[in-house]
Amino acid sequence: MLRAVLLATLLALPLHAQDGGQLFTLYCSACHGVDGKGATGGQFPPLAGSDWVRGDPARAVKLVLHGLHGEVEVDGRKFNLEMPPQGGVLPDDQIAAILSYARSSWGNKAEAVTADFVKATRAATADRKVPWTQAEILKLHPLPPPAPPIANLISQVYQGEWQKLPDFSKLKAGNIEEEHSGKISIKKAGFTELFGMTWEGDLTAPEAGEYLFRLDADDGARVLLDGKKVAEVTGTGPMDGGRGQDGSIKLEAGVHKIRVEYFEYHGNEGIALAWRNASVPGWKSLSDTSIKGGREPIPLTPQNGRAVVYRNFIEGTTPRGIGIGFPGSVNLVYSADDCAPELIWTGAFMDASRHWTDRGQGNQAPAGENVVKLAGSPAFTGEARFRGYKLDPAGNPTFSVQVGKQFVLDSWKPGTANGAPTLVRTLTTTGGGPLSILIAEKLAVKKEGQATLLGDKLSLQTDHADLESRDGKAFLKLTPGQAATITYSWK
Ligand code: HEC
């Protein structure tokens, strides 16, 4: 009798017979992580805090049924991976249970999904045979408007002439506003010179842990959490990333009081603030102006056979270094300041996630092995100007340099020799006369048969040009109209 009742209950409640959490662990966590943050340190997209999981449930149901591929943006980060379809494996009630679980876990708050809804969605999309792309599925089911990042946000405006933050508690506020966007903004200040503003509201930490804050302002600002100062930009000056400050604080899960103070002296004005969980890549903006460098170009590995570009401070080169990670584990940093390739290496390209935690404490070093610093000074003796770069469909760059009236094109692509990776560089110039280009310095230059050895790691082969060495430097003579090729290989 009891068994019959139990059985009847189970049959009557198929939804509750399925534990969404267990099913999630079984079918989704390998990629999205048991904590919903995205497996392998966020290489996969998160479901925690994802707008894709909120709002219209049809979006998530359809992508679980048929899969998702191509570039997608989740929580301000881009991914270009492949989610396999699960419709063949998972029945309607299990999909409903999993999505109900995902929509109510890790800080997500959205209504449950019913098995009937999944059934109807499956029937309506029965002829769908290939995974969705972001464009297709968001056209049918757009992402819900983002939730205001700071709840109950109130701003106050003050007038005065300051070159550092005043004690606002001693001042009388002019204008008090509710900021329904939940974002720090000076749009409603009503002034562009000689004013101050404060904001106060509730910031919810989705889980306990260390949080990082990045603040930048023109002119000064500070951010406090529960009354404790976390970051401060002092003095007056521009908001160009150079004066920006990072700070960190440990927070319990739940709501915290955030207070931001700001003043504007003369000239331009602005404030930008972003935060992130220290263990999850991806800054989240708390202001209507986004912070410089607050977006991460991860994952930083070549994708689908295409080279990847990294623009940020890179150790061992000048500030305007352009990093290129090629398929086949060869990498290059080209300095736009020196119009020269300065670093080449093999193996992993750059670890962007580490860069963001450490910013302010130095540059990001190449992540791989066999790093060779080719040179650290301008490649051309005359006045040379960097004129930008183009990427071909495979992501291979061609850098363009103007030397007087001449243009030099410097193209790079990956290659292989004897099964080992190489970098192949093609240099051309038009018009004018021959040019001498610095290829390497501070590396011992030695001829060995057809090849030239540079230092103890690198071997160069040239076509249609010879390397000449003087004063411990290696140069290549470039003749107008004739392409010169250099192949860099590692020993
Ligand atoms: C084999 C790895 C893998 C599995 C298993 C997997 N996913 Fe995904 N999922 C991905 C990838 C990769 C993307 C992004 C696809 C892209 O880049 O085009 C994604 C995207 C998503 C998205 C939209 C983006 C986001 O992060 O919110 C949702 C929602 C989602 N998956 C839910 C699920 C659910 C629910 C399950 C379990 C039923 C699941 N996934 C199983 C790899 C996987």
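Numbering of the sequence shown is given in the numbering used here, commencing with residue 1318 and proceeding in unit increments. Glycine residues also receive a C-beta, built at the ideal position from the N, C-alpha and C atoms.
Spatial neighbours of residue i in its chain, beta-carbon cut-off 6 Å, leaving aside the 5 residues before and after
| i | result |
| --- | --- |
| tyrosine 1651 | Ile1639, Pro1658, Phe1716 |
| isoleucine 1803 | Arg1742, Leu1777, Thr1779 |
| glutamate 1494 | Ser1472, Lys1505 |
| arginine 1310 | With the chain running from 1318 to 1808 in the structure shown, residue 1310 is simply not present. |
| glycine 1587 | Asp1535, Met1556, Thr1606 |
| serine 1728 | Thr1715, Thr1743 |
| leucine 1541 | Arg1576 |
| serine 1646 | Thr1663, Gly1664, Pro1738 |
| leucine 1460 | Asp1368 |
Beta-carbon spacing of residue i, residue j below 8 Å
| i | j | result |
| --- | --- | --- |
| proline 1644 | leucine 1660 | no |
| leucine 1771 | valine 1762 | yes |
| serine 1560 | isoleucine 1608 | The sequence shown places arginine at residue 1560, not serine. Result no, Cβ atoms of arginine 1560 and isoleucine 1608 do not sit closer than 8 Å. |
| proline 1751 | leucine 1740 | no |
| aspartate 1536 | alanine 1548 | no |
| histidine 1781 | glutamine 1799 | yes |
| leucine 1382 | threonine 1442 | yes |
| lysine 1546 | arginine 1539 | yes |
| alanine 1490 | valine 1474 | yes |
| lysine 1774 | lysine 1808 | yes |
| histidine 1565 | isoleucine 1501 | The question names histidine, yet the displayed sequence has serine at residue 1565. Not a contact, by the Cβ cut-off of 8 Å. |
| threonine 1521 | glycine 1552 | no |
| tryptophan 1352 | tryptophan 1423 | Here the sequence assigns aspartate to residue 1352, which means tryptophan is not the residue at that position. Yes, Cβ-Cβ distance for aspartate 1352 and tryptophan 1423 is below 8 Å. |
| lysine 1722 | glycine 1749 | yes |
Residue i versus residue j: straight-line alpha-carbon distance, rounded
| i | j | result |
| --- | --- | --- |
| phenylalanine 1512 | aspartate 1655 | 42 Å |
| alanine 1427 | phenylalanine 1434 | 15 Å |
| leucine 1691 | alanine 1757 | 5 Å |
| valine 1625 | threonine 1635 | 19 Å |
| valine 1577 | valine 1688 | 43 Å |
| serine 1498 | alanine 1591 | 15 Å |
| serine 1596 | threonine 1698 | 46 Å |
| leucine 1455 | glutamine 1476 | 45 Å |
| alanine 1432 | asparagine 1621 | 36 Å |
| glycine 1677 | tyrosine 1528 | Here glycine 1677 scores only 39 on pLDDT, less than 50, and its place in the model should not be relied on; the value that follows carries that caveat. About 16 Å. |
| lysine 1481 | histidine 1583 | 12 Å |
| phenylalanine 1666 | asparagine 1425 | 34 Å |
| cysteine 1348 | proline 1466 | 27 Å |
| valine 1663 | alanine 1413 | One detail in the question is off: residue 1663 reads as threonine in this sequence, not valine. Near 46 Å, if we compare the C-alpha coordinates of alanine 1413 and threonine 1663. |
| asparagine 1492 | lysine 1574 | 21 Å |
| glycine 1405 | leucine 1649 | 44 Å |
| glutamate 1510 | glutamate 1581 | 6 Å |
| glycine 1886 | serine 1806 | This structure leaves residue 1886 out entirely; the chain is present only between 1318 and 1808. |
| methionine 1514 | alanine 1375 | 42 Å |
| threonine 1438 | proline 1448 | 15 Å |
| tryptophan 1479 | glycine 1693 | 43 Å |
| lysine 1567 | aspartate 1543 | 11 Å |
| isoleucine 1415 | tryptophan 1516 | 39 Å |
| glycine 1599 | cysteine 1345 | 21 Å |
| lysine 1354 | arginine 1628 | 26 Å |
| glycine 1789 | alanine 1711 | 36 Å |
Own chain residues within Cβ distance below 7 Å of residue i, not counting five before or after
| i | result |
| --- | --- |
| asparagine 1469 | Gly1518, Asp1519 |
| valine 1391 | Pro1362, Pro1363, Ser1367, Trp1369 |
| tyrosine 1418 | Gly1337, Gly1338, Phe1341 |
| leucine 1708 | Pro1714 |
| aspartate 1533 | Val1550, Met1556, Gly1558, Arg1560, Gly1561, Ala1589, Ile1608, Lys1609 |
| glutamine 1411 | Gln1335, Leu1340 |
| proline 1462 | none |
First through last residue of the alpha helix (DSSP H) which encompasses residue i
| i | result |
| --- | --- |
| tyrosine 1344 | 1337-1344 |
| histidine 1302 | For residue 1302 there is no data in the structure shown, the boundaries of the chain being 1318 and 1808. |
| threonine 1357 | 1356-1359 |
| aspartate 1433 | 1432-1441 |
| lysine 1456 | 1451-1457 |
Residue i: first and last residue of the uninterrupted beta strand (DSSP E) it sits in
| i | result |
| --- | --- |
| phenylalanine 1485 | Looking at the DSSP string, phenylalanine 1485 is not in any beta strand (DSSP E), and its letter there is neither H nor E. |
| glutamate 1659 | 1657-1663 |
| alanine 1809 | Since the displayed the chain opens at 1318 and closes at 1808, residue 1809 lies outside it and no answer follows. |
| alanine 1419 | Per DSSP, alanine 1419 belongs to no beta strand (DSSP E); it is in the alpha helix (DSSP H), 1409-1419. |
| valine 1381 | Valine 1381 -> not in any beta strand (DSSP E); alpha helix (DSSP H) instead, spanning 1374-1383. |
| phenylalanine 1716 | 1714-1720 |
| asparagine 1469 | 1468-1476 |
| glutamine 1562 | 1562-1568 |
Spatial neighbours of residue i in its chain, beta-carbon cut-off 8 Å, leaving aside the 5 residues before and after
| i | result |
| --- | --- |
| arginine 1704 | Ser1717, Val1718, Gln1719, Phe1724 |
| phenylalanine 1792 | Ser1753, Ile1754, Leu1755, Ile1756, Leu1784, Glu1785, Ser1786 |
| leucine 1343 | none |
| phenylalanine 1396 | Phe1361, Pro1362, Glu1388, Val1389, Glu1390, Pro1616 |
| asparagine 1585 | Asp1535, Pro1555, Met1556 |
| leucine 1795 | Val1725, Leu1744, Thr1745, Thr1746, Pro1751, Leu1752, Ser1753, Ile1754, Ala1782, Ala1801 |
| tyrosine 1706 | Ile1639, Tyr1651, Pro1714, Thr1715, Phe1716, Ser1717 |
| proline 1483 | Tyr1475, Gly1477, Gly1513, Phe1580 |
| arginine 1671 | Any answer about arginine 1671 is weak, because its pLDDT of 42 lies below 50 and its placement is not dependable; what the coordinates show is given next. Around arginine 1671: Gln1681. |
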